[in-house]
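Below is one structure, written out as structure tokens; comments come after it.
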Amino acid sequence: MAGSHWISLPRIEGIASRQAHADLPAETYERELGREGFYGPSTQMYHRHAPTGWSEVEGPLRPRALDTGRIAQTDRSPWNATPLLHNASVKIRFWQSDNAMDHLVRNADGDELLFIHRGAGDLFCDYGRLSLREGDYVILPRGTMWRIENDLPISVLLVEASGDSYRLPEKGIVGHHAVFDPAMLDVPRIDDGFLAQQTEDRWQVRIKRQGRISRVTYPYNPLDAIGWHGSLLPVRLNWRAIRPLMSARYHLPPSAHTTFAASRFVVCTFAPRPMETDPGALKVPFFHNNDDYDEVIFYHRGEFFSRDNIHPGMLTLHPAGITHGPHPKALEVGKKALRKQTDEVAVMIDSRDPLEVADLPEGVEWTGYVDSWKDGDA
Ligand SMILES: [Fe+2]
Numbered sequence: 025m026a027g028s029h030w031i032s033l034p035r036i037e038g039i040a041s042r043q044a045h046a047d048l049p050a051e052t053y054e055r056e057l058g059r060e061g062f063y064g065p066s067t068q069m070y071h072r073h074a075p076t077g078w079s080e081v082e083g084p085l086r087p088r089a090l091d092t093g094r095i096a097q098t099d100r101s102p103w104n105a106t107p108l109l110h111n112a113s114v115k116i117r118f119w120q121s122d123n124a125m126d127h128l129v130r131n132a133d134g135d136e137l138l139f140i141h142r143g144a145g146d147l148f149c150d151y152g153r154l155s156l157r158e159g160d161y162v163i164l165p166r167g168t169m170w171r172i173e174n175d176l177p178i179s180v181l182l183v184e185a186s187g188d189s190y191r192l193p194e195k196g197i198v199g200h201h202a203v204f205d206p207a208m209l210d211v212p213r214i215d216d217g218f219l220a221q222q223t224e225d226r227w228q229v230r231i232k233r234q235g236r237i238s239r240v241t242y243p244y245n246p247l248d249a250i251g252w253h254g255s256l257l258p259v260r261l262n263w264r265a266i267r268p269l270m271s272a273r274y275h276l277p278p279s280a281h282t283t284f285a286a287s288r289f290v291v292c293t294f295a296p297r298p299m300e301t302d303p304g305a306l307k308v309p310f311f312h313n314n315d316d317y318d319e320v321i322f323y324h325r326g327e328f329f330s331r332d333n334i335h336p337g338m339l340t341l342h343p344a345g346i347t348h349g350p351h352p353k354a355l356e357v358g359k360k361a362l363r364k365q366t367d368e369v370a371v372m373i374d375s376r377d378p379l380e381v382a383d384l385p386e387g388v389e390w391t392g393y394v395d396s397w398k399d400g401d402a
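Quick note: the sequence shown uses our numbering, first residue 25, plus one each step.
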């Protein structure tokens, strides 16, 4: 059977830069129209006005901003977390718990990614014990039984790969050890703390399948393994183990920061890095419509260099079909090369399928976000 190729013909029309994302024509704004995330055919367009310079947006495509800091609910069960965004392939929820879990859970709907936004604790799971701290990612393979023991409040972004599993991204020409070495992935251990919790006390497992919960009660703690052997494992990675790709002379696209990949979405991490130094290189993200993906960013810590009025704990959604890019103030800072490095830490989730916004508690959505690109709004 014959293969097919993208219709991808590099051409230049009018006044344009030969090198994307560098040496822009004077007084222009670059916008990238692109397919397949940042891998497919793309065109850079040089505009007279900022592509986010709209005076009004009506309809469902407006950019959205949610503030998880305004979620009051705390609950010992991750199955009572606050839903934020969802579609058939990914479920994004925010879970806050003040106390140790008094039951076990098992997600039979897909792999679960935990990102620890605040707090610390111990994860106990089939495989043993793993300590948790702020900034940790933990991937729990579908079907793993687990619970978290925390003395202090913990807040966690939960990202379920529904019917799917997490994998490591292709590293291509930079090799396996770039960005983070796979050897930096930690796994649970059967240590004294794990063995000590193997009591004959009653434990309940709450199993989620198709969003519905079944409860299985044991007269003992079923986390009672004394050993294991295999390659299907929960893993932990802290953002501090990530050594981001960067170029002094070229603003790399967000895909350079891919941390984990599922079939229908990717998880990227924006970690602190030096800014580009080349005089002609862009120093803020280029405007783009990522035409095949809805883009979500969860802001974990630091100052978010391309966005105003965004603080840790906020989450933005930029649906495919509407252009996004830096705020006017960030653009000015970038043009004048005023910033030498970024200190932001953020988790980006790019979803191939359109995301639905859940019914949110009052006050969680910042409805003014769509107007935040207007000049002078800073
Ligand atoms: Fe984007």
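Just so you know, even glycine gets a beta-carbon here, dropped at the ideal spot from N, CA and C.
Practice prompt. Quick one: grab the DSSP three-state call for alanine 216.
Written response: The sequence given here places aspartate at residue 216; alanine does not occur at that position. Aspartate 216 falls in the helix class under three-state DSSP.
Item to complete: Could you name the residues of the same chain whose beta carbon sits closer than 8 Å to that of arginine 35, not counting the 5 residues immediately before and after it, in chain order?
Response: Counting only Cβ-Cβ distances below 8 Å, and skipping sequence neighbours, we find nothing.
Worksheet entry | Contact test: glutamate 60 Cβ vs ligand 1 heavy atom, cutoff 7 Å | Not so, every heavy atom of ligand 1 lies at least 7 Å from the Cβ.
Discussion item. Looking at chain B, is there any beta carbon in it that lies within less than 8 Å of the beta carbon of threonine 106?
Written reply: Of the protein chains in the structure, only one exists, and it is not chain B.
Worksheet item: histidine 127: which of Phe148, Leu138, Leu108 sits nearest, CA to CA?
Response: With distances taken between Cα atoms, histidine 127 lies closest to Phe148.
Item to complete: Give a single yes or no on whether asparagine 131 has its beta carbon closer than 7 Å to a heavy atom of ligand 1.
Response: Result no, Cβ not under 7 Å from ligand 1.
Worksheet item: What is the C-beta distance between glycine 152 and proline 212, in whole angstroms, given that I count them as a contact (C-beta under 8 Å)?
Response: With 8 Å as the limit, glycine 152 and proline 212 qualify as a contact, their Cβ atoms being about 4 Å apart.
Worksheet item: By a C-beta neighbour count over all protein chains shown, 10 Å radius and 16 as the cutoff for buried, is histidine 29 buried or exposed?
Response: By the 10 Å Cβ count, histidine 29 comes out exposed.
Worksheet item: To which residues of the same chain is alanine 354 closer than 8 Å at the C-beta, ignoring the five residues directly before and after it?
Response: If we look at alanine 354 and ignore the five residues flanking it on each side, its Cβ neighbours are Val308, Phe329, Ser330, Arg331, Asp332.
Discussion item. Suppose the cutoff is 7 Å on Cβ atoms and the five residues either side in sequence are ignored; what does the same chain contact list for valine 388 look like?
Written reply: Leu90, Asp91, Arg94, Ile95
Practice prompt. On a CA-only basis, which of Leu182, Leu137, Phe118 is nearest arginine 191? Give me that one, please.
Written response: Leu137
Worksheet item: Is it buried or exposed for arginine 442, if we count other Cβ within 10 angstroms and need 16 for buried?
Response: The requested residue 442 is not part of the displayed model; the chain covers only 25 to 402.
Discussion item. Output needed for arginine 297: all residues of its chain with C-beta closer than 8 Å, excluding positions within five of it in sequence on either side, in chain order.
Written reply: Pro268, Met270, Gln365, Thr366
Worksheet item: Taking Cβ positions, are isoleucine 266 and alanine 295 nearer each other than 8 Å?
Response: yes
Worksheet item: What do you reckon, are the CB atoms on isoleucine 214 and alanine 185 nearer than 8 Å?
Response: Between isoleucine 214 and alanine 185, the C-beta gap is not smaller than 8 Å, which leaves the two residues out of contact.
Discussion item. For serine 155, tell me which candidate among Pro193, Ile140, Tyr70 has the shortest Cα-Cα distance.
Written reply: Ile140
Item to complete: Quick one: give me the first and last residue of the alpha helix (DSSP H) that arginine 356 is part of.
Response: Checking the sequence shown, residue 356 turns out to be glutamate, not arginine. First-last of the alpha helix (DSSP H) with glutamate 356: 352-359.
Worksheet item: Less than 7 Å between the CB of histidine 312 and some heavy atom of ligand 1, yes or no?
Response: Under cutoff, so the answer is yes.
Discussion item. Ligand 1 and histidine 348: does the residue's C-beta get closer than 7 Å to at least one heavy atom of that ligand?
Written reply: yes
Fill in: Inter-stretch contact at 8 Å, needing at least 3 Cβ pairs: the region 110-125 / the region 169-189
Enough Cβ pairs lie closer than 8 Å, so yes.
Item to complete: Indicate whether the contact test is met: 3 or more Cβ pairs, each with one atom in the region 367-381 and one in the region 307-325, closer than 8 Å.
Response: Taking a cut-off of 8 Å on C-beta distances, the region 367-381 touches the region 307-325, as three or more cross pairs fall below it.
Discussion item. When you measure from the CB of proline 278 to every non-hydrogen atom of ligand 1, does any distance come out below 7 Å?
Written reply: For ligand 1, at least one heavy atom lies less than 7 Å from the Cβ of proline 278.
Practice prompt. State the DSSP-derived secondary structure class of arginine 94, mapped to helix, strand or coil.
Written response: helix
Worksheet entry | Beta-carbon spacing of histidine 324, glycine 145 below 8 Å | no
Item to complete: Keeping to the same chain, check which residues put their C-beta closer than 8 Å to that of arginine 130; ignore five residues upstream and five downstream.
Response: Gly167, Thr168, Met169, Trp170, Val229, Arg230, Ile231, Lys232
Item to complete: Go through its chain and collect everything with a Cβ distance to alanine 361's Cβ below 7 Å, but skip five positions before and after it.
Response: Lys307
Worksheet item: Mind checking whether valine 259 and isoleucine 163 have CB atoms under 8 Å apart?
Response: The answer is yes: Cβ separation under 8 Å.
Discussion item. With distance defined between alpha-carbon atoms, name the residue in Glu37, Tyr63, Ser79 nearest to aspartate 395.
Written reply: Ser79
Worksheet item: With a CB to CB cut of under 8 Å and the five nearest residues on each side skipped, what residues in its chain are close to glutamate 60?
Response: Asp316
Item to complete: Using beta-carbon positions only, say whether leucine 109 and alanine 382 come within less than 8 Å of one another.
Response: yes
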